[in-house]
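Note that UniProt numbering has the sequence shown beginning at 1, numbered continuously upward.
Ideal placement from N, C-alpha and C gives every residue a C-beta, glycine not left out.
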Amino acid sequence: MKKILITGGAGYIGSHTAVELVKAGLQPVIIDDLSNSNRQVLERLKELTGQDIPFFEGDCGDQALLNQIFGLHRISGIIHFAAYKAVGESTENPLKYYQNNVGSLMTILSFMKEKGIKDLVFSSSCTVYGQPDVLPVTESTPRKDAESPYGNTKKICEDILVDMVKSEAGLRVISLRYFNPVGAHSSAKIGELPLGTPNNLVPFVTQTAAGIREKLTVFGGDYDTPDGTCIRDYIHVVDLADAHLRAIEYLGEQEMNFYDVFNVGTGTGNSVLEVIQSFEKVSGQKLNYEIGPRRPGDVIQVWADTQKINKVLGWYPKLSLDESMRDSWNWQLAIGDK
Ligand code: NAD
Ligand code: WQD
Numbered sequence: 001m002k003k004i005l006i007t008g009g010a011g012y013i014g015s016h017t018a019v020e021l022v023k024a025g026l027q028p029v030i031i032d033d034l035s036n037s038n039r040q041v042l043e044r045l046k047e048l049t050g051q052d053i054p055f056f057e058g059d060c061g062d063q064a065l066l067n068q069i070f071g072l073h074r075i076s077g078i079i080h081f082a083a084y085k086a087v088g089e090s091t092e093n094p095l096k097y098y099q100n101n102v103g104s105l106m107t108i109l110s111f112m113k114e115k116g117i118k119d120l121v122f123s124s125s126c127t128v129y130g131q132p133d134v135l136p137v138t139e140s141t142p143r144k145d146a147e148s149p150y151g152n153t154k155k156i157c158e159d160i161l162v163d164m165v166k167s168e169a170g171l172r173v174i175s176l177r178y179f180n181p182v183g184a185h186s187s188a189k190i191g192e193l194p195l196g197t198p199n200n201l202v203p204f205v206t207q208t209a210a211g212i213r214e215k216l217t218v219f220g221g222d223y224d225t226p227d228g229t230c231i232r233d234y235i236h237v238v239d240l241a242d243a244h245l246r247a248i249e250y251l252g253e254q255e256m257n258f259y260d261v262f263n264v265g266t267g268t269g270n271s272v273l274e275v276i277q278s279f280e281k282v283s284g285q286k287l288n289y290e291i292g293p294r295r296p297g298d299v300i301q302v303w304a305d306t307q308k309i310n311k312v313l314g315w316y317p318k319l320s321l322d323e324s325m326r327d328s329w330n331w332q333l334a335i336g337d338k
């Protein structure tokens with residue numbers, strides 16, 4: 001059975017990807033330092049997959065630990081999720097972000113070189129497009145100067161990957177540029193676990209409905225968009241997880257020294273108010289919200305052109321915004337006030 005190392009596999013997107021890999025007959029091996037996740041996720045993965053997924057607690061920037069894992073498991077590919085992702089914190093503490101996000105990728109690459117591992121799927125982000133001039137964004141839409149050190153780590157990592165593949169190290173690499181991941185597994189056994197006050201919209205919505213937060217502030221109602229609020233492309237995390245499976249399978253069919261990049265979104269933009277309406281409809285909850293001031297640095301609107309991933313990887317999203325909101329809400333109900 002093909003073994004795939006999932007760095008950050010106890011996290012939000014990584015845990016859902018582990019489930020999809022098992023369903024497809026691949027063997028995930030997880031390394032996670034639990035800096036933004038917990039051990040309970042491993043129990044949940046066992047319940048969901050019926051498998052004890054090998055788990056190593058530690059830093060994926062620790063090559064000795066990676067070597068130890070390789071000694072036990074002949075890894076044939078890596079999906080590298082592990083990173084810090086809080087945009088605001090990255091502005092306060094850039095070094096923490098460059099060290100972890102860029103540093104861990106460099107260690108992973110040298111580990112791959114040493115062990116002859118060829119295939120890598122990297123978690124990039126639509127943040128590399130900033131506020132695009134033309135919508136929807138295709139993979140050839142120019143990247144903008146990053147708004148934050150976090151965003152810059154994604155650009156730098158993409159550039160490192162391009163250079164590594166050019167250097168004929170015998171690699172095959174895909175960067176997936178995620179739009180806005182939302183939702184949770186339909187079983188409500190795994191989902192997003194924000195530490196402290198959530199920065200992202202959907203956890204804030206569900207926590208407000210659950211009474212953990214008093215009120216949601218919609219950041220700006222006077223943008224030049226149809227209803228005045230910002231627009232994003234919200235992608236269900238299970239669909240996003242499936243894109244990783246397609247990517248790793250596709251890499252296995254390519255010649256060496258291969259690099260490509262794909263947008264992963266639905267191809268549809270939804271406003272903040274549309275997200276709230278969808279949530280209220282599927283949850284039956286009335287959300288306490290008010291329109292407040294704009295959030296500095298917010299992109300006004302962005303959504304993906306997904307034709308490339310549709311055609312090349314044969315990947316299509318299956319779940320709607322309503323299904324995302326339903327699953328996010330069921331997950332919130334399952335975790336209670338955590
Ligand atoms: P997450 O925080 O839930 O998962 C990341 C996991 O990596 C966590 O479990 C954390 O404990 C672990 N981790 C962090 N640094 C580590 C290290 N050095 N060694 C081992 N484990 C480490 O985040 P997520 O939402 O699942 O995001 C996964 C990836 O996708 C990240 O690279 C993130 O930047 C990227 N991404 C996320 C979003 C989003 O909105 N969620 C959007 C675009 C891109
Ligand atoms: C979505 C929309 C807010 C909270 C961030 C990162 C980006 C990427 C995805 C990783 C926006 C509005 C939010 C609230 C609100 N992550 N909002 N009230 O801004 O697309 O991007 O996550 O790569 O790098 O910056 O996502 O969930 O923060 O916001 O009105 O309390 O919800 O203004 O329009 P965003 P988000």
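Residues of the same chain with a CB within less than 6 Å of the CB of residue 285, apart from the 5 flanking positions on each side, are 209 in chain order. Counting only runs of at least 4 residues, the segment 179–222 fully encloses the following alpha helix (DSSP H) elements, listed from N- to C-terminal order: 201–209. Bounds of the beta strand (DSSP E) holding residue 292 are 289–292.
When rounded, the separation of the alpha-carbon atoms in residue 62 and residue 278 is 43 Å. For residue 281, no pairing in a beta bridge is given by DSSP. Assignment of residue 44 by DSSP, reduced to helix, strand and coil, places it in the helix class.
For residue 234, the CB stays at least 7 Å from every heavy atom of ligand 1. A straight line joining the alpha-carbon of residue 249 with that of residue 48 spans about 22 Å. Residue 18 counts as buried, since no fewer than 16 other beta carbons sit within 10 angstroms of its beta carbon. Relative to ligand 1, residue 328 has its C-beta separated by 7 Å or more from all heavy atoms. Set against 7 Å, the gap from the CB of residue 218 to the closest heavy atom of ligand 2 is smaller. Shown here, residue 70 sits in a helix according to DSSP, grouped into three states. Using a C-beta cut-off of 8 Å, the segment 244–258 makes no contact with the segment 198–214, since fewer than three inter-stretch Cβ pairs fall below that distance. For residue 81, there is no enclosing beta strand (DSSP E), since its DSSP letter is neither H nor E.
Under the criterion of beta carbons closer than 8 Å, residue 272 and residue 234 do not qualify as touching, at roughly 10 Å. One Cα belongs to residue 186, the other to residue 320, and the distance between them is close to 13 Å.
Assigned with DSSP and collapsed to three states, residue 86 falls in coil, not helix or strand. Burial of residue 112 is indicated by the presence of at least 16 other C-beta atoms within 10 angstroms of its C-beta. Going by C-alpha positions, residue 16 is about 33 Å away from residue 228. Within a 10 Å sphere around the beta-carbon of residue 184 sit 16 or more other beta-carbons, which makes this residue buried.
About 7 Å separates the beta carbons of residue 123 and residue 83, which is inside the 8 Å limit, making them a contact pair.
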